[in-house]
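What follows is one structure encoded as structure tokens, with my remarks underneath.
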Amino acid sequence: MITAPTASRIEVIRWMEDFVGEKLSEFLKSVEDSWQPADLLPDSTLDNFFDELKDLRERARDLSYDLLAVLVGDTITEEALPTYESWLMTIDGLPQDPNGPWMKWNRSWTAEENRHGDALNRYLFLSGRINMREMEASTQYLLADGFDLQTDNDPYRSFVYTSFQETATNISHRRVAQIAKKQGDNMLAKLCGHVAADEARHAKAYKAFVSKIFEADPNEMMLAFEDMMRKKIVMPAHYMRELGVDLGKTFGHFTDAAQRIGVYTSADYTDILDGLIKEWKIEGLTGLNEAGERARDYVMALPNRLKRVADRMRVPSLEYKFRWIADR
């Protein structure tokens, strides 16, 4: 059995292989049981396709500007999936056996995520509200520019990041679904609801990975958690930009739009952190040395500090004209 304080990252990740293998069927769905974008959007092989397309475009006409902007930003984020998959492959100590549970997880997670960008992109194309060339250029930029998540290829930091980010993505898509329904687009609401449900399962998986690491190596896992929270979790699309716009500038306008309509706010960031502290039972954690105890104290105090900051923050009111949204 691994002794918690001295366990190396590689030993812990290999020790977890059986756990990951056993949990694959819980955290993922088979292809046969999975939804596909074609299940949620008009079928071009049917005679009523143009009638359904007309209805889709009429519903989309009533969607608010900020909701469209957030939806496009979410789509671009999802379509940068190749960057995320390649990043996971660079994590230090992750076994590269193609038939092993870690690589099965990585491939199957990618396969599930791949549908998200396909479904959202297809909806936006059919809606008639989006300048698709501008959106596609932003996607190409994001793939080419990459990202810096500040995880240093460390599995502990990486799984803190994915636990946080997948939870945030679930919130974002779920809120877009709720707003779309209020604005009369039940098709879009259903689509985003399906995406949100996937993200919830993926968040559950990554949180379980971290819980398992805490069993084997609580001190180093605690230090990694603290380090990521000191750095602050950045979203994977933080370099998002449009044609003619500097690196990362468009992302700021995208997050302003999300905050204006309540899709994802600074309060949500704090709530996610609070949830992770409870999920990983940080308050009752044992096996920590002096540095680990200090890290725990920092993390435990952080939600209240962030809440005070969030209470003072104003919702951004400056609207921005995105190149993605077609003039009408």
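Counting from 22, one number per residue, gives the positions in the sequence shown under this note's numbering. Virtual Cβ for every residue (Gly too), placed ideally from N, Cα, C.
Checklist entry - Is the region 308-328 in contact with the region 118-129, if contact means three or more CB pairs nearer than 8 Å? => result no
Item to check | Alpha-carbon spacing of Leu102 relative to Thr131, whole angstroms | outcome: Looking at the two C-alpha atoms, the distance is approximately 7 Å.
Item to check | Cut-off 8 Å between Cβ atoms - residues of its own chain near Asn152, not counting five sequence neighbours on either side | outcome: Arg344, Trp345, Ile346 and Ala347
Next on the checklist: Measuring straight from C-alpha to C-alpha, what distance separates Gly149 and Ala81?
Outcome noted: Distance between the alpha carbons of Gly149 and Ala81: 8 Å.
Item to check | Collapsed DSSP secondary structure at Ile34 in the structure displayed | outcome: helix
Checklist entry - Between the C-alpha atoms of Met261 and Asp39, what's the straight-line distance to the nearest angstrom? => result 38 Å
Item to check | Whole-angstrom C-beta distance between Leu209 and Ala201, which should lie under 8 Å | outcome: Indeed they touch by this definition, with Cβ atoms about 4 Å apart.
Checklist entry - Between which two residues does the alpha helix (DSSP H) containing Glu79 stretch? => result Phe70 to Ala81
Item to check | Where Ile346 falls: helix, strand or coil (DSSP) | outcome: strand
Next on the checklist: With the cut-off set at 8 Å, would you say Gly138 and Asn240 are in Cβ contact?
Outcome noted: no
Checklist entry - Are there three or more Cβ pairs, one per stretch, closer than 8 Å when the region 90-97 is compared with the region 174-182? => result No, because fewer than three Cβ pairs between the region 90-97 and the region 174-182 fall closer than 8 Å, the two stretches do not touch.
Checklist entry - According to the neighbour-count rule (16 or more other Cβ atoms, all chains shown, within 10 Å of its Cβ), is Lys228 buried or exposed? => result buried
Checklist entry - Using 8 Å as the Cβ pair cut-off and three pairs as the minimum, do the region 283-295 and the region 325-340 touch? => result yes
Item to check | Where Ile97 sits in the DSSP three-state scheme | outcome: helix
Checklist entry - Taking the alpha-carbon positions, what's the Asp54 to Thr160 distance? => result 29 Å
Checklist entry - Within this structure, are the beta carbons of Ile282 and Val91 separated by less than 8 Å? => result yes
Item to check | Other residues of its chain near Ala352: CB distance less than 8 Å, five sequence neighbours each side excluded | outcome: There is no way to answer for residue 352, as the model of the chain reaches only from 22 to 349.
Next on the checklist: Distance check for Ile34 and Ile112, CA to CA, integer angstroms please.
Outcome noted: 11 Å
Checklist entry - Which of helix, strand or coil does DSSP assign to Ile303? => result helix
Next on the checklist: Check for me: the alpha helix (DSSP H) holding Glu134 runs from which residue to which?
Outcome noted: Pro122 to Ser148
Checklist entry - What are the start and end residues of each continuous alpha helix (DSSP H) run of 4 or more residues lying completely inside the region 209-290, in chain order? => result Correct list: 239-252 and 270-281.
Checklist entry - Hey, out of Glu304, Leu89, Asp166 and Leu84, whose CA is closest to Ala279's CA? => result Leu89
Item to check | Rounded separation between Gly214 and Ala198 - CA only | outcome: 6 Å
Item to check | Which listed residue (Gly42, Gly313, Leu268 and Lys302) has its alpha carbon closest to that of Ala158 | outcome: Leu268
Checklist entry - So is Asn69 buried or exposed if we call it buried at 16+ other beta carbons inside 10 Å? => result exposed
Checklist entry - Which of helix, strand or coil does DSSP assign to Ile112? => result Ile112 falls in the coil class under three-state DSSP.
Checklist entry - What do you reckon, are the CB atoms on Glu155 and Asn191 nearer than 8 Å? => result no
Checklist entry - Relative to the C-alpha of Arg143, which residue among Met334, Leu45 and Pro58 is closest? => result Pro58
Checklist entry - From Glu263, Asp238, Gln186 and Val216, pick the residue whose C-alpha is nearest to that of Ile254; which is it? => result Gln186
Checklist entry - Sorted by chain position, which residues of the same chain lie with C-beta nearer than 7 Å to Trp301's C-beta, five sequence neighbours on each side aside? => result Leaving aside the five residues that flank Trp301 on each side, the residues in its chain whose CB is nearer than 7 Å to its CB run, in chain order, Val231, Ser232 and Phe235.
Item to check | Buried/exposed call for Ala245, threshold 16 Cβ in 10 Å | outcome: buried
Checklist entry - Does the Cβ of Gly313 have 16 or more other Cβ atoms within 10 Å, making it buried, or fewer, making it exposed? => result buried
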